[in-house]
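Residue numbers (the numbering used here), protein chains in the order written: chain A, 1 to 324; chain B, 1 to 352; chain C, 1 to 361; chain D, 1 to 328. No residue lacks a Cβ here, since even glycine has one placed at the ideal position from N, Cα and C. Predicted model, so just to flag it, every value in this text is computed and none were measured.
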């Protein structure tokens, strides 16, 4: 349901653009052809380029547009050659690759560190890392990205300044290609992870400390359950659950962040093209990418929402109610 | 180990021998003694009722028996456990690994909040399998044993095993916890307010089940509660705790009808029950003492109607007050207590 | 205030049913009959106790009595005025709903949650005073609060007034909750397990206090509890009435001493068995008389007399619904059990054989 | 229990000790509402440092701007490193403008953006969360679906599109747009807290006392969710900082007022700084400005948790000392 409403929302947003896509299109065409363009001709152009039909009443336009979107036809990109759909298909895997690796690392690192800090509560390890995570958490990811770019990429040249893979390597699952993909992706992922895991660690630490104080932990200890098993199955498992909601929010956040990140590292993902489309007023590409990103986020959230019941039986018991 | 230790309170074959056991916490307000050099023996196979107001250190006594005092508490003195087979074990100087062996296999514990004793994201059955497996018991055989334990507690095993703790009613949770504590067939069962959170009818039914299982499996039970009447006809012997030490210990019947300590009498007079006349019910004045600064001399003197100079100066020792020596109280004036503080129970004729 | 005869609150065959759709998939959303046809009256300055296991609907009935829970059917009247009618037709009911609302108050079970943790005692007790007499200025209110605090034995009042709830003991919190209810000058207070969470020695203290303040504020109490001895203590001292509830039905009701002396309904006898008595030589060794420990599922209660699945005296005939019989002429000791009728085919109908795990006798 | 039951009706013998002057009443109220919270804030090292940092920025944003004159092009040596020239303590950039002046100049609009964005989203979230949580029923379902949609739309792309659409000029408006979907997640969390509070006994008691709805919400509900509201206020503020600086860096926002993001953009795009170590200060200084402010906010939010905990507030209140009996 939310997906449909988002698409409708974007449709109206684009319509409200100052100057609107149609007059922009006319200006564009005027430049390329000196002669006056008849209204009729313009409509046909608009139809195939923007799949908009300015002459039809607004709601009919909406239906037509939705129809096209459903079949994956987002219209032609003005700047880039080729249809919007092609561009998206080309760019999407890169963004997904970077984001998924970043999310997994951020949460993995955050959870483990948080649990350790909880178990060593009060020690220098705990206070030290709390300070560090608080500091790292307050550094915006793109500041970290800029810093990495400047220091690591340019000055020390350990890592490439941008791009997703060394050109010329034929894509496929051979070692060279994969190596170069990771080599290029390290810095973007690092800047997301370094600034992200702090928040997760603090959250995890708080939850774990609360769980450790619970009575069933003491009963388990008395029952002879070994410390390691308590740490994983009791404290770890029950402390991670509330983080699930943070996981959902971070999906949306990271997708948003990809735009800036890919710009800094010239990493040709969805974000990079989206920014290009915005600057170049390339409406169809802009709308297409925006919709794809939203659909990805919404489906991820929906998926997480459904599986939440499986992880936390307490919630499943009360039906699909308040899951986050 | 001292030489042949003097038996306390006429206990013949003790399963537990506690000698000046104390627990101290150093709090920012000063060092608080939540257990004050307690000496007591527990008879094998008996049901010992331990009664005390909240804040009198009874939960600490329970943890001491399992050498599981919550840190930063420090347990001193010595507690010797005489298992059925094998030689005596002094709990305090055993290594953590050895203690882990004893806990739950020989000495098990049941807590007040059954709901908070189970891992909310694990089924009840998983708790049983885990406990059996950790102690190296054969899980199949153990689970069968658990099934007839549950049957004896009027629970259908398969329904219980598959459900999560929050899906059971209060009574069912408590009985599942009881079964869990008996699954390794321990010799001693320490119960800290096991039924406090339940309805009166459910409480009483579970008390009957505990009595039955105790007798059937020749189990030593230490039943700790603030609710004197609840344990009155369950326990063979009663120990009354006040200000972190035992002030009266003796056979249940004698402690109820001829209590030797003013606090026990006040406790008896302040408990509402059906057949005592309502006019004589009087609440106990004042507040329970703070562990950091326990009143000098006899710790009950601030609230005791008979208190005088000697009570304030001298902390009384256990004495029999010319009764048999298995019923003693820590009071200078046992005879005056019997005379001056009437027990409204004994006056009334039982009409029912 | 109200003459002796007139009831403060009277409920006539009140029913409260809850829809519980357990999960999205179950088609038949089962209905829980929390309260099923109960008639009960509370006189002025009366104490009525409701006793029963948890889940038997006593709290729901209590909340219906003080106009918090709307009954599915049947009527609840306050001094003759139907509460919910007054609420629906607003102003022109002869007793406006606002006045009714203020006259029926509550004391909760858990002292910890009954006071707002962020407000001092003074603030919490100012609220009812502001509601009942807006004219009072801050000073008089302050004095009144101090007076009430010393009245319930919380000396020195100035110190207690500025405290936060977490700085009070369980007993003290409950006493503040009592004052808060009393300052509304109510006609009826629902004490919902008001003493169960307190330490045994404090319970008598609290109950005495409630009775002592009763005639000062001329209020009645509806004392809900699962503990028969607490209930009998407070109703006995005020010689009120006691009602025993089982799975939504009022199985026995009558003056406290009569019910205690000759309980008619087997369930009342079971509750008395459960009530602790300190008399060691009473042979209390008997096993629990119940045939089954757990309460049947309230979503589909047993047919006929709902207690027949657990009742030690159950007979085949009990599977039909027993009539309410009156034990004496004024009709204030009523029982819902065939055993109250001397000549009835109950006496010769065969005992119920349990198919499932019978309790070893 | 005092035996002499003084009927309260005859309040003739007013106990002298009870009447106290009105001044004392107000002093006590002042103490509880103002002085104690300040003492609590001062007591925790995290909040102390956090407050200092925030005050520093506020000072720079309000007073500092007047002290340091506008940065003008070419008025100083180009690419002077920090502390080399007394007139330009933090050095100058490619076009000779004093970096210190640039940093200071960017602070007021940033504060305005933060204020507008954070206040806007917190107020909306608290209002919607409380209403949907307390009211329930149809209102609840409508608001919840609304928040669901707003929550799942990825923030930055939406903001960019809206900014490009409307090209807002005033920092306040930009602040609000930057926080456009931050309120959703917050509203949901507040709603679940209100749902929990609604069934608490003291809220039910207030309802039974026929207290008007607004009084219940102000007295019983809000104070208990305040710690959460404040923490989310701080988090949204951080979100606004990150968002604004990022967008300025990308050049999406019109460049009509100074911002640390623009400084970064300038530092990176115009030649010089990037390829030599000595240009480092030009990049690091705006970064430090950004990170320090958000670090201050984080520290402050960590500490405030204690401010709303009555237990801690009592310990610092001068009017009552800690006397709670030791509950075993």
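Would you kindly check if the distance between the Cβ of residue j and the Cβ of residue i is under 8 Å?
{"i": "residue 9 (chain B)", "j": "residue 222 (chain B)", "result": "no"}
{"i": "residue 77 (chain C)", "j": "residue 14 (chain C)", "result": "no"}
{"i": "residue 363 (chain D)", "j": "residue 242 (chain D)", "result": "As shown, chain D starts at 1 and ends at 328. That puts residue 363 (chain D) outside it, with no answer to give."}
{"i": "residue 108 (chain B)", "j": "residue 189 (chain B)", "result": "yes"}
{"i": "residue 53 (chain C)", "j": "residue 199 (chain B)", "result": "yes"}
{"i": "residue 301 (chain D)", "j": "residue 230 (chain D)", "result": "yes"}
{"i": "residue 341 (chain B)", "j": "residue 262 (chain B)", "result": "yes"}
{"i": "residue 110 (chain B)", "j": "residue 219 (chain B)", "result": "no"}
{"i": "residue 174 (chain D)", "j": "residue 244 (chain D)", "result": "yes"}
{"i": "residue 150 (chain D)", "j": "residue 237 (chain D)", "result": "no"}
{"i": "residue 131 (chain D)", "j": "residue 159 (chain D)", "result": "no"}
{"i": "residue 274 (chain C)", "j": "residue 201 (chain B)", "result": "yes"}
{"i": "residue 132 (chain C)", "j": "residue 185 (chain C)", "result": "yes"}
{"i": "residue 59 (chain B)", "j": "residue 293 (chain C)", "result": "no"}
{"i": "residue 327 (chain B)", "j": "residue 229 (chain B)", "result": "no"}
{"i": "residue 247 (chain A)", "j": "residue 97 (chain A)", "result": "no"}
Starting from the Cα of residue i, find the closest Cα among the options and give me that residue.
{"i": "residue 219 (chain D)", "options": "D:203, D:111, D:48", "result": "D:203"}
{"i": "residue 135 (chain D)", "options": "D:213, D:228, D:303", "result": "D:213"}
{"i": "residue 126 (chain A)", "options": "A:209, A:138, A:93", "result": "A:209"}
{"i": "residue 146 (chain D)", "options": "D:159, D:161, D:129, D:178", "result": "D:129"}
{"i": "residue 290 (chain D)", "options": "D:107, D:168, D:224", "result": "D:107"}
{"i": "residue 222 (chain A)", "options": "B:44, B:79, B:96", "result": "B:96"}
{"i": "residue 234 (chain D)", "options": "D:190, D:267, D:198, D:297", "result": "D:297"}
{"i": "residue 168 (chain C)", "options": "C:335, C:186, C:115", "result": "C:115"}
{"i": "residue 297 (chain A)", "options": "A:166, A:100, A:255, A:139", "result": "A:255"}
{"i": "residue 92 (chain B)", "options": "B:25, B:16, B:162", "result": "B:16"}
{"i": "residue 301 (chain C)", "options": "C:248, C:181, C:85, C:232", "result": "C:248"}
{"i": "residue 231 (chain A)", "options": "A:101, A:116, A:154", "result": "A:116"}
{"i": "residue 360 (chain B)", "options": "B:45, B:19, B:23", "result": "Residue numbering for chain B in the displayed model covers 1 to 352; residue 360 (chain B) lies beyond these limits and cannot be assessed."}
{"i": "residue 207 (chain B)", "options": "B:180, B:186, B:139, B:175", "result": "B:175"}
Just checking my contact of residue i with residue j at CB under 8 Å: how many whole Å lie between their CB atoms?
{"i": "residue 117 (chain B)", "j": "residue 219 (chain A)", "result": "5 Å"}
{"i": "residue 264 (chain C)", "j": "residue 318 (chain C)", "result": "That pair is no contact at about 14 Å."}
{"i": "residue 108 (chain C)", "j": "residue 246 (chain D)", "result": "With 8 Å as the limit, residue 108 (chain C) and residue 246 (chain D) do not qualify as a contact, their Cβ atoms being about 51 Å apart."}
{"i": "residue 240 (chain D)", "j": "residue 114 (chain D)", "result": "5 Å"}
{"i": "residue 14 (chain B)", "j": "residue 42 (chain B)", "result": "6 Å"}
{"i": "residue 149 (chain B)", "j": "residue 182 (chain B)", "result": "6 Å"}
{"i": "residue 114 (chain A)", "j": "residue 189 (chain A)", "result": "Contact flag wrong, Cβ pair sits at about 20 Å."}
{"i": "residue 250 (chain C)", "j": "residue 38 (chain C)", "result": "5 Å"}
{"i": "residue 118 (chain A)", "j": "residue 205 (chain A)", "result": "5 Å"}
Is any non-hydrogen atom of the ligand MN found closer than 7 Å to the C-beta of residue i, if you look at the structure I gave you?
{"i": "residue 235 (chain C)", "result": "Questions concerning the ligand MN fall outside what the structure shown contains, since it holds no ligand whatsoever."}
Review point. Given a limit of 8 Å on CB to CB distance, which residues of the segment 230 to 242 of chain A reach chain B?
Key: 233, 234, 237, 238, 241
Exercise for review: Kindly provide the ranges of any alpha helix (DSSP H) runs that are 4 or more residues long and lie completely inside the segment 263 to 290 of chain A, ordered along the chain.
Suggested key: 270 to 279
Practice item. Mind checking the segment 218 to 246 of chain D against chain C and listing, in chain order, the residues whose C-beta falls within less than 8 Å of any C-beta there? Key: 219, 220, 223, 224
**Study point:** beta strand (DSSP E) runs wholly inside the segment 237 to 273 of chain C, at least 3 long, in chain order
**Key:** 241 to 246, 249 to 255
Review point. What residues from the segment 180 to 208 of chain D come within 9 Å of chain C, judged by C-beta to C-beta, listed N to C?
Key: Per Cβ criterion, the list reads 200, 201, 202, 203, 204, 205, 206, 207, 208.
Review point. Looking at chain C, which residues of the segment 224 to 245 of chain B have a Cβ within less than 8 Å of any of its Cβ atoms?
Key: 226, 227, 228, 229, 230, 232, 233
Review point. Curious, which full-length alpha helix (DSSP H) runs of at least 4 residues does the segment 116 to 186 of chain D contain?
Key: 137 to 152, 155 to 166, 171 to 178
**Study point:** Contact residues within the segment 220 to 239 of chain C, judged by C-beta distance below 7 Å to chain B
**Key:** 226, 227, 228, 229, 230, 232, 233, 236, 237
Review point. Which of the residues in the segment 165 to 176 of chain B, read from start to end, lie with their CB under 9 Å from any CB of chain C?
Key: 169, 170, 171, 172, 175
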